[in-house]
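I have placed the structure first, in the form of C-alpha cells, so that the comments after it can refer back to it.
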Amino acid sequence: MDTNLIYMPAFRVRQQEVLVLRSFNFGSHMYPLLEIVKEHDRARKADSQRSFEDIHNDLINEITAQRVFVDLPVYLKQSGSVKDEVVAFSFSVINNLEKRCEYLNRLSPSSPKAIPVISSYLIKTGEQGTIEKQFGLLQENFERLAFRLFPLSFAEDFPIVRSLIRPTDYLIIDLDQIPPYPSPPLKQIITLLKGFNRCCKILLRSAINTEIQNVNLEHGQIVIEADNNHIDLSHMENFGVNATGDYVGIKKDDLTAGGTISPGFIYYDAIYNQYFGYKAAIKGSLSEFENRIVPDVINSPATQEMLQHNPPFVGLKNPGYSTLLNIQAGRESGKSQAKFKRIAMEHYLYCMSIKIQSNELHQTNVQTP
Numbered sequence: 030m031d032t033n034l035i036y037m038p039a040f041r042v043r044q045q046e047v048l049v050l051r052s053f054n055f056g057s058h059m060y061p062l063l064e065i066v067k068e069h070d071r072a073r074k075a076d077s078q079r080s081f082e083d084i085h086n087d088l089i090n091e092i093t094a095q096r097v098f099v100d101l102p103v104y105l106k107q108s109g110s111v112k113d114e115v116v117a118f119s120f121s122v123i124n125n126l127e128k129r130c131e132y133l134n135r136l137s138p139s140s141p142k143a144i145p146v147i148s149s150y151l152i153k154t155g156e157q158g159t160i161e162k163q164f165g166l167l168q169e170n171f172e173r174l175a176f177r178l179f180p181l182s183f184a185e186d187f188p189i190v191r192s193l194i195r196p197t198d199y200l201i202i203d204l205d206q207i208p209p210y211p212s213p214p215l216k217q218i219i220t221l222l223k224g225f226n227r228c229c230k231i232l233l234r235s236a237i238n239t240e241i242q243n244v245n246l247e248h249g250q251i252v253i254e255a256d257n258n259h260i261d262l263s264h265m266e267n268f269g270v271n272a273t274g275d276y277v278g279i280k281k282d283d284l285t286a287g288g289t290i291s292p293g294f295i296y297y298d299a300i301y302n303q304y305f306g307y308k309a310a311i312k313g314s315l316s317e318f319e320n321r322i323v324p325d326v327i328n329s330p331a332t333q334e335m336l337q338h339n340p341p342f343v344g345l346k347n348p349g350y351s352t353l354l355n356i357q358a359g360r361e362s363g364k365s366q367a368k369f370k371r372i373a374m375e376h377y378l379y380c381m382s383i384k385i386q387s388n389e390l391h392q393t394n395v396q397t398p
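Once you know that position 173 of the sequence shown is 202 in this note's numbering, the rest is easy, because the numbers rise by one and skip nothing.
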C-alpha cells in the first residue's frame, strides 16, 4: 500500500491548469489527478495537430510528481451549453468503454508514473460489468490502477472493486459537492470504507459550490458556501480514508462556453481553512483586479495571519502570492481573469505543501495489508 500519498489535486487539462502542472513542484506527497476532457490541448492547423498520446505523455513526464492519476471522466454532462470539443470527446471516446480504454492505453509509455482511473458506467448507461472489462483491458499495460467510485452507485460497484483491487492500486471516493460529514446517506459507505484497508483510499470533493458567482461575492468577506472541511484530519478519519483531494482551490465548473467578464477572486485562508471573496466595484472592469482586488487581498487580515505562520503560507516562495506582489508593484499586468484562476491554484497548492511540511496534513488510518 502507498504510504506517501497525502493530497490529490484534480486538474482539467486546460491552459491555466497546464501552466500550473508544468511549473509547480508537487514533491513526494502530492499526486495530481488529470481529468482529460478533450482530445487536444488547443486548436491547431490539421497538419500541425499533435496526437492525443504525444500531448498527454509529454505533459505527464513534465509534471514534477512521483505519480499522476489520469482519468477520462465518465461523470461529464453533455448539455447544450458545454463546449463543443468537450461534448465531441465525450461522445466519441469517453462514452465508449473500449475506446476510452484504448486512449488510456496510449499513455502506457508513461507507466509506472501514470495511473489510469477506472469508473463504472452503471449510472451513465445502465451497463453491467464495466469495471471488470476496464480492469481486463488496462491491467497488463500499467503497474497501478485507480478505481473512482461515486455515492449513487457505490453499493453496486464497491463489491466488484473489492474483488479486483490490489495493494498497489488506489480507491478514490468522489463526493462531488456532498458535505464531508457522516450523514445518513453516507453512513453505509463510511462503514464499508473503514472495514477495507487493502490499498490507499482517497476522499475527493469539490469544495467550492458551482453556484457561487463572482458578482455575488461579498468583498473581503468569508465565502460561507465554500466548505473545505474534507482536508481536516478528523473528517478523513471519520471516512476511513488515507488521503484527500479536491479541485485545487477553484470551482469545478461545468465546462460551459462563453460567459461574461466579472472580475472576482476567491482567496484561500490556510490558517482557518476557509475562503474569502473579492469582487469588482465596477462591473466588467478588468482594472479592478489591479486597483481594488489585489491591494485588498495583500492587506487583508487573512494574509497578515498567514505571514505569521511558521513556515509562512504566503511570501515570495508562494508562486500565486508572488504574482499578486508583482501585480501590485506594476511588474506584470493583472487585467486577466484567467491569470487569477492560476494564482488561486498556485496559492492553494503552496498552502497544501506547507500543511504537509508542518504535519498539519498527513496520511491517516495507515494500515499495511
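Glycine included, each C-beta is placed from N, C-alpha and C at the ideal position.
So residue 145 is in the beta strand (DSSP E); what residue range does that whole segment cover?
143-148
Just the C-alpha distance for residue 126 and residue 177, rounded to the nearest angstrom, thanks.
15 Å
Proximity to residue 369 [Cα-Cα], best of 198, 132, 306:
306
Is residue 397 helix, strand or coil by DSSP?
Confidence at residue 397 is low in this model, with a pLDDT of 48, below 50, so the placement of that residue is unreliable and no value is reported for it.
How many whole angstroms separate the CB atoms of residue 283 and residue 111, which I take to be in contact at a CB cut-off of 8 Å?
7 Å
Continuous beta strand (DSSP E) stretch holding residue 37: start and end
36-41
Do you know offhand how far residue 46's Cα is from residue 89's?
13 Å
What do you reckon, are the CB atoms on residue 225 and residue 200 nearer than 9 Å?
yes
Alpha carbon to alpha carbon, how far is residue 152 from residue 135?
26 Å
In terms of residue numbering, what span does the beta strand (DSSP E) encompassing residue 231 cover?
229-233
For residue 348 versus residue 375, is the C-beta spacing smaller than 9 Å?
yes
Where residue 247 falls: helix, strand or coil (DSSP)
coil
So within the segment 138-209, which uninterrupted beta strand (DSSP E) runs reach at least 3 residues, ignoring any that extend past its ends?
143-148, 175-178, 199-203
Within the segment 268-334, ranges of the beta strand (DSSP E) (whole runs, at least 3 residues)
272-275, 293-298, 303-308
Please classify residue 94: does DSSP put it in a helix, a strand, or coil?
strand
C-beta contact flag for residue 196 and residue 171 at 9 Å
no
Given residue 83 as reference, the closest of 166, 121, 69 once Cα atoms are compared:
69
Look at the Cβ atom of residue 345, then the Cβ atom of residue 53, and state whether they are nearer than 9 Å.
no
Whole-angstrom distance between residue 36 and residue 59, CA atom to CA atom
5 Å
Enumerate in chain order the residues of its own chain whose CB-to-CB distance from residue 51 is below 6 Å, with the five nearest sequence positions on each side excluded.
91
Start and end residues, beta strand (DSSP E) containing residue 55
54-56
Taking the alpha-carbon positions, what's the residue 398 to residue 32 distance?
Caution is warranted here: a pLDDT of 43 is assigned to residue 398, below 50, making its placement in the model unreliable, and no coordinate value can be reported.
Using the Cβ count rule (16 or more neighbours within 10 Å means buried), how would you classify residue 142?
buried
Rounded to the nearest angstrom, what separates residue 244 and residue 297 at their Cα positions?
18 Å
Taking C-alpha atoms, which residue in 320, 300, 273 lies nearest to residue 308?
320
With DSSP run on the structure shown, which of helix, strand or coil describes residue 31?
coil
To the nearest angstrom, how far is it from the Cα of residue 100 to the Cα of residue 364?
33 Å
Assign residue 216 to buried or exposed, taking buried as 16 or more other Cβ atoms, counted over all protein chains shown, within 10 Å of its Cβ.
exposed
Whole angstroms is fine: what's the gap from residue 323's alpha carbon to residue 313's?
16 Å
Once you ignore the five residues that flank residue 233 on each side, which residues in its own chain have a CB closer than 6 Å to its CB?
201, 203, 274
Note down the Cα distance separating residue 138 from residue 85, rounded to an integer number of angstroms.
11 Å
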